[in-house]
Amino acid sequence: MGTFRIIKGDITKCRADAIVNAANPSLLGGGGVDGAIHRAAGPELLEECRTLNGCRPGEAKITKGYRLPADYVIHTPGPVYRGGNCGEEQILASCYRNSLKLAACYERNTVAFPSISTGIYGYPVSLAAKTAVREILTFLHTQSTVREVVMVCFDEETKKAYEEAYQEIGQTE
Ligand code: AR6
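Structure, rendered in structure tokens:
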């Protein structure tokens, strides 16, 4: 079983083997963490993203990290939250699962996630955190390539939500 950590910070500064980007289906950049990652990585990231032909919500695609301290960026569009009855939870779970599968495929040991969908896409963070933590812990139990997953929370409220979810779910694991 690998380790799971929750920290407050800026994912663009993370020295993980791969960082995950809360992208949109075009993969051509945007606001929030996506904009920050593209700014920090430099224009080569957008050039590589243009070759990927977009990505469906819940799926994941990988690029190099260019000027980022991280070697790779895994891009995954989360669900737009529309009240919770439009398959949002399943899509969000797939984002985490597919990003981690891709990281394992590329033999990455450490992976850092932002809080997917809880900014511009409007997913309530307390709900999103439960789904995220459950998927991450399940994945860490079932393989040995990815050895550390870090949840990089941009603000205190987000960090608290993930810590609460971890306490709730981690104890029953
Ligand atoms: N490091 C870590 N987390 C961050 C950073 C950072 N540098 N910057 C923001 N966050 P969002 P979404 C947090 O809106 O909801 C884009 O336009 C932020 O505080 O970035 O999945 C895409 O192109 C929040 O907790 O992503 C899509 O169109 C979390 O990252 C859309 O936004 C996610 O917020 C995706 O929306």
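Under full-length UniProt numbering, the sequence shown has 109 at position 109, and the numbering climbs by one with no breaks. For glycine and all other residues, C-beta sits at the position ideal for the given N, C-alpha and C.
| Asked | Found |
| --- | --- |
| Bridge partners of residue 130, per DSSP? | Answer is none; residue 130 lacks a bridge partner. |
| Counting C-beta neighbours from all protein chains within 10 Å, is the total for residue 64 16 or more, i.e. buried, or is it exposed? | exposed |
| Does the stretch 46–54 touch the stretch 99–112, meaning 3 or more C-beta pairs lie closer than 8 Å? | no |
| Nearest-angstrom Cα distance between residue 115 and residue 52? | 23 Å |
| Taking residue 95 as the reference, give the member of 6, 61 and 67 with the closest Cα. | 61 |
| Can residue 131 be considered in contact with the ligand AR6, in the sense that its beta carbon sits closer than 8 Å to one or more heavy atoms? | no |
| Suppose you measure from the CA of residue 5 to the CA of residue 121; what does that come to, to the nearest Å? | 24 Å |
| Using the rule of at least 16 other Cβ atoms within 10 Å of the residue's Cβ for burial, across every protein chain shown, is residue 83 buried or exposed? | exposed |
| Return the chain-ordered list of same chain residues with a C-beta closer than 8 Å to the C-beta of residue 55, the five sequence neighbours on each side being excluded. | 23, 25, 27, 61, 75, 76 and 77 |
| Could you give the first and the last residue of the continuous beta strand (DSSP E) run that contains residue 55? | Neither: residue 55 is in no beta strand (DSSP E) and is coded neither H nor E. |
| Determine the closest residue to residue 150 out of 166, 142 and 157, with distance taken between C-alpha atoms. | 166 |
| Measuring alpha carbon to alpha carbon, tell me which of 111, 87 and 124 ends up nearest residue 157. | 124 |
| When the Cα of residue 128 is compared with those of 108, 110, 111 and 164, which residue comes out closest? | 164 |
| Does any heavy atom of the ligand AR6 sit closer than 8 Å to the C-beta of residue 65? | no |
| When every heavy atom of the ligand AR6 is checked, does at least one fall within less than 8 Å of the C-beta of residue 55? | no |
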